[in-house]
Structures are given as C-alpha cells and as structure tokens.
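Heads up: the sequence lines are chains A and B, in that order. Per this note's numbering, residue -15 is the first one in the first sequence, and the count goes up by one each step. Per this note's numbering, residue 8 is the first one in the second sequence, and the count goes up by one each step. Note that CB positions come from ideal geometry on N, CA and C, so glycine has one too. See structure below.
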Amino acid sequence: MQEDTQLNGFEVVYKKPVTLTDTPFHYCPGCGHSVVHRVLMEVIDEMGIQDKTIGVAPVGCSVFAYSYMNIDMQEAAHGRASAVATGIKRIHPDKFVFSYQGDGDLAAIGTAETIHTVNRGENILMIFINNAIYGMTGGQMAPTTLLNQVTSTSPYGRNCETMGYPLKITDMLVQLPGAYYVTRQSVHNVNAVRKLKKAVEKSFEYQKSNPGTCFIEVVSNCPSGWKMTPVESNKWLEENMFPVYPIGDLKVPSGK
Amino acid sequence: MEDKNNGARLMKGNEALAEAAMRADIDAYFGYPITPQSEILEYFTLEMPKRHGVVLQAESELAAINMIYGAAGAGGRVMTSSSSPGISLMQEAISYIASAELPCLLVNVTRGGPGLGTIQPSQGDYFQAVKGGGHGDYHLIVLAPSSVQEMADFVFDGIRLAEKYKTPAMILADGALGQMMEKVVLPEEGSLPKTEKPWATAGKPATRERNIITSLFIDPEKMEGINIRLQEKYEQMRDEVRFEEIALDDAEFALVAFGLSARVCQKAVDLAREKGIRVGLIRPITLYPFPKEAISNLTNKVKFFLVVEMNAGQMVEDVSLAVNGKRPVYFKGRMGGMVPTPEDVVEKLESLVHSLRKSEI
C-alpha cells in the first residue's frame, strides 16, 4: 500500500511493527529489554502469526510486557511463566506460545518449572533475559550474578563460599532430551540484534511442528542496576559476562 | 460396574468425582500426587487419553495450579485436585486466579493438620477454603459434599458456578469422602454445555483488541475498582446459597454440621430423638456463600445451636455471626484426623439439654 512505503514524500524503510502497541516502553535508557521486545514482535509481525501467538509475561522488569506486545498475553506469578505457558499450549497445541522471563524468575524462584518444562519438551519458546541482577526490585544479587560482582545484597561482591556460583542454567538445560534448540544471544550491538532475530525466527519456525522446547538466553545489560552508563554497561558485558556466558548455539536440531 | 439399578454404581468418592469430571467435559486436568486423593490423578491418567483430553502430572502443586491459571486463561474447562498441604502450596496462584477472574474447579480432599499432619480426614481447612486462603480480599465458591453421590454431582455444580461467576470454585471434601465407597448415579455426559469465553487468550484476530489475563493493576484506584467489582460479584453469589434441613420442623435444638460431620450428625439426630430430645440438623452445602439467613431464621425456633466439626471450631464462628447473640452457640469437635461419633454428639447434646433444663427450673 502507498502509506506503507511512502510518508510525506519520503520512502519508509523502518517502522513500528503492528505487533507493538503505542505505549512507550518504561525501561531504563539503554536497557536490552525494549530491543528484545521489538525483535520478538517484529518476527511475529513478519511471520504473520499475530492471531496465533500467545505470550506469558513474568514478574520482574518485564512484568508489563503485555502493555507493549499487541497480542493475547497472560501475566504469570513470579517464576511460574513456563508452567502458565504449558497450560496455554496444552489447550492450544496449534498456536505459538512463548514465555519471557528474567534471571531471578527463570533461574531462581522458577528453577523447578524451568527444568521440568524443558524436560517435558513443552512445545513453546522460552526467552531468558540474563542481566545478572534483579532490576525491578533495585539491583539485588541474582542466581547469574558474577563472582565478586557488587549488588545491593552482595555489597562486598558475590562470594562463592556463602553465595554460591553464577548459575549457568542454559548449559544445564542442554542436557535434557526435551530441549530442541538452545542458544545464547545478546543485543549489545546491531550484529547481535540481527543474530537474535534469526534465533527467534528459527524458534517459531520450529514450533510449527512442535518438536520440543526452544530456549533463547539473551545476555543483556542493566545500566541502572550495574550503576553504569549504557555504553559502559555494554563494554562491561563484553568483558565480564561473555567469558562466563559465551554467545552461540548450545544445541541445534540434528541435520540443521 | 454398571448394574441394573438405574445405572447406579458402587464407587470410591475420589473415582466418582474424577469420572464425573470426564462427563462434565473437562478439557484439562493438572495435578500432583498426595494422599488421600491420588486416585483422582490416577483415574485421569487412565481415562483422559481415551477421551482426548489433557492430563498432566506436574512437578509440584505450585506448577499444577499455575498450569491451571494458564489453561483457564486460554479458555479451557480445567480442574486440579490436592489435599491440605498441597492446597496450601497453591494459594498464591489461587489468589491470582480469583483476581484475574478465571473459572476453574479446585478439589481439596482434606487431611488432618497442621503441618504434614496425618492422612486421616479432617475439616481443618474450613477457614482457608471459605475466607479466601491466599493473599488479598477474595473468596472461592465452596461446596461441601457429604456423600459419594455429591462428590460426583458437585463437579457439575462447581463448574457451572465457576463459569457463571468467572471465579474459582472449590469442592471441600475430606479423606473419608474420598476413600469410602457408596452407591452413586453419575451425571449424564454432555449435560454441561461449554460456555463462550471471548476474554480468553486464544490468539488475537485483527477484529478485536488483545486479551490480557492479569491480576496486576499498579494504580491503586484501579485496583480498588477491581476489588469493588469482586465484592459485588460475591454479593450476587448469595443467590446460590444451598443447605439441607433435617428434622427441624418440631426441633427444640439445632445441630449445624457440613460434609462428613453432617453424616455423623444425621445419625446423632436419630439417636437423640430415640431418647426424646427433639433435635434437628441444618447442613450448609455452600460454605461460601454461607447460609446465614437460614441459620438466623432458626433462632426463632430453637433454644440453642450445637456446631459439630472435625476441627478446633471454625464454621462455628460463621454460625455465631449468623445467630448474632440471639441464642447460645455451642461446639463439639475432634481434631487431627479424628472423627466424632454419633454417640459423642448425643452425649454433648444431652449435657447441654440437662444444663438448660436445670437453669429453667
């Protein structure tokens, strides 16, 4: 259509997908959440599956994800997003279902649901935002907080003797036969965003035949919680997060 | 087994309830094993695949009830069952379900507590069931069966009411009702038509706004509005009050009991009348909404109330509120999985009647 390609005599090369609402994101400047939201909604728009997709929002910074995503959604209790997504998918096995969770939600309070959802090979996409901190509650230690990382509840740095180690839950999930596609991506630069989009596309493409769980970890930043500027946080992410949480596919379908 | 007696069968309470749920066209059951109700999960895992429904043994009660939240939000007719400690574990999500106004059926085949307690029958979860149970101001519709027949029938009533009021309904049974075998005529298959659920998360077509299932309303004015709506709904539910009156026409005294205790009291009424004590029984069937008017009306007729429960005295508080000081309200209870006998009840009744007669002289 004319309006889609032309605007006031200019050629339109980039626009908001119909799957995003007009509500402005509440996320802090530089936070990865809004980028991941956009990537997810772009894929749903481009694949033409808005009417077949149901999402589950978690408790955490993305608790209001349904305010921005123009699709049917449910808001889950803390940690239970994958159980809620299981319930939805079992009622609508022919629809696309995803859960969107942070590290506290998916890898601390919801660890049992995470493991058992993947172990059953629930035919959903789980998106896991790992920014090594509890953002919404004010920057407390997360299961994925790095050793010696300072947070409001590890003010002297995370000490493995009393606080345990950064939990590499994605690496654990790879072991489960129910996991079909497991990948770790990021959104700290344009190239990374493009790769994430490919991973999301693949996951929804796979879900058409319900072959098992697709799991995407997104190593992301938290400028406010880390007490850094967005630029500093992306640099810190590359230097400190990537050595512990290396980017790349952890499990791909055989023959693909 | 089917017999020639109008389709009556001899069934265990838990199995009659599960079979009734199949006939009520349940789309999905999510549960976790716990005594004394594991037969429900077992029955579903055996029968549901034959009927093309969903049955899932979850990793915990926590997961099971959140699957219920998801599946109910997605428009399914869904249920779960558990026993006391498992129901405690579900309370957070039950509060979410009540707030998000989703219909579902919950079954609590209770056991003695507190704590891990015992696997014997108890009514110690009355407060938890009728006062909300989880956080915030909400109520469940609570139905209390007192026979295997009602274990089956109340599945239909529970689902019908849950869907009518978009709220969770609970069948509050106990371990004895779950385990005992009685004659039951099962409800007819297909007699509970599915209702339209335009609010469900089934995928957003271009023709409507997106559906959001949530219990989060961060603006307190909006949250108060949700609360007001819930309270108005609970007021409307008063139309659904159900109770049974036994031998109250000429009664001088009233027993009040629900569930298994009411069965005990029914026998106690017979025994007491043989001794010349004119006593009747009122049995609340809906514990929420509570039959407070029916009990209040009895204050014009009886001299006192004796509430009999398998707990330390829970429903007695609601009876006292209904009686509102007009007549004495007494209590007889056993706790921790012990069931009072009809003789226990008659003994208590006799001593109360004796004291009353003495004071009247």
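Interface residue (Cβ-Cβ distance to chain A less than 8 Å): Glu66(B) is classified as such. In this structure, Asp32(B) keeps its C-beta atom at 8 Å or more from the C-beta atom of Gly182(B). Of all residues in the region 53 to 64 of chain A, only Asn54, Ile55, Asp56, Met57, Gln58, Glu59, Ala60, Ala61, Arg64 come within less than 7 Å of chain B when Cβ atoms are compared, listed by chain position. Chain B places a beta carbon closer than 8 Å to that of Ile72(A), counting this residue as a contact. Taking 4 residues as the shortest admissible run, the region 96 to 181 of chain A contains the following complete alpha helix (DSSP H) segments, listed from N- to C-terminal end: 144 to 147, 153 to 157. Neighbours of Gln34(A) in chain B, taken as residues whose beta carbon is under 7 Å from its own, are Lys211 in chain order. By the criterion of a C-beta distance shorter than 6 Å, Ala69(A) is surrounded in its chain by Val40, Val81, Ser83, Ile108, once the five residues flanking it on both sides are discounted. Contact of Gly82(B) with chain A is assigned, a C-beta pair being separated by under 8 Å. Taking C-beta atoms as the reference points, Gly94(A) and Gln85(A) count as a pair closer than 8 Å. By alpha-carbon distance to Met345(B), the top candidate from Gly60(B), Glu367(B), Asn318(B) is Asn318(B).
Using beta-carbon distances, Val174(A) does not count as an interface residue toward chain B, since no partner is under 8 Å. Less than 8 Å separates the beta-carbon of Ser129(B) from that of Gly120(B). The beta carbon of Asp89(A) sits closer than 8 Å to the beta carbons of Pro42, Val43, Gly44, His62, Gly63, Ala65 from its chain, once the five residues preceding and following it are set aside; these are given in chain order. Around Ala71(B), the same chain offers Phe37, Gly38, Tyr39, Ala65, Thr87 as residues with beta carbons nearer than 7 Å, after the five sequence neighbours per side are excluded.
Taken through DSSP and simplified to helix, strand or coil, Gly71(A) comes out as helix. Judged by pairs of C-beta atoms under 8 Å, the region 286 to 301 of chain B touches the region 256 to 269 of chain B, as three or more such pairs exist. Within the same chain, Cβ atoms closer than 6 Å to the Cβ of Trp210(A) are found at Ser217, the five residues on either side in sequence being excluded. With a threshold of 8 Å between beta carbons, Tyr76(B) makes contact with chain A.
When Cβ-Cβ separations below 8 Å define contact, Asp34(B) makes contact with chain A. Only residues of its own chain outside the window of five on either side were considered, and among them Val271, Lys274, Ala275, Leu278 have a CB closer than 7 Å to the CB of Pro349(B), listed in chain order.
The beta carbons of Phe311(B) and Leu359(B) sit closer together than 8 Å.
Boundaries around Gln85(A) are those of the beta strand (DSSP E), 80 to 86, since no alpha helix (DSSP H) includes it. At the C-beta level, Val85(B) and Ala35(B) come within 8 Å of one another.
Three or more beta-carbon pairs separated by less than 8 Å link the region 51 to 60 of chain A to the region 215 to 227 of chain B, which places the two stretches in contact. For the region 125 to 151 of chain B, the set of residues with a beta-carbon nearer than 8 Å to any beta-carbon of chain A is empty.
In this structure, the CA atom of Glu49(B) is about 23 Å from the CA atom of Ala96(A).
Taking CB atoms only, Tyr103(B) has a neighbour in chain A less than 8 Å away. Apart from sequence neighbours up to five positions away, the residues of its chain that approach Gly83(B) with a beta-carbon distance below 7 Å are Asp34, Ala35, ordered along the chain. For a cut-off of 8 Å, the C-beta gap from Pro175(B) to Ile225(B) is around 23 Å, too long to register as a contact. Think of a sphere of 7 Å around the beta carbon of Val61(B): the chain A residues whose beta carbon falls inside it are Arg74, in chain order.
Contact between the region 104 to 120 of chain A and the region 103 to 116 of chain B is absent: fewer than 3 CB-CB pairs across the two stretches fall below 8 Å. The beta strand (DSSP E) runs lying completely inside the region 178 to 213 of chain B and spanning 3 residues or more are 188 to 192, given in chain order. Out of Arg285(B), Arg249(B), Asn234(B), Glu259(B), the CA that lies nearest to the CA of Glu300(B) is found in Arg249(B). In the three-state DSSP reduction, Glu157(B) falls in the helix class (H, G or I). Bounds of the beta strand (DSSP E) holding Pro291(B) are 286 to 291.
Going by C-alpha positions, Gly14(B) is about 6 Å away from Val192(B).
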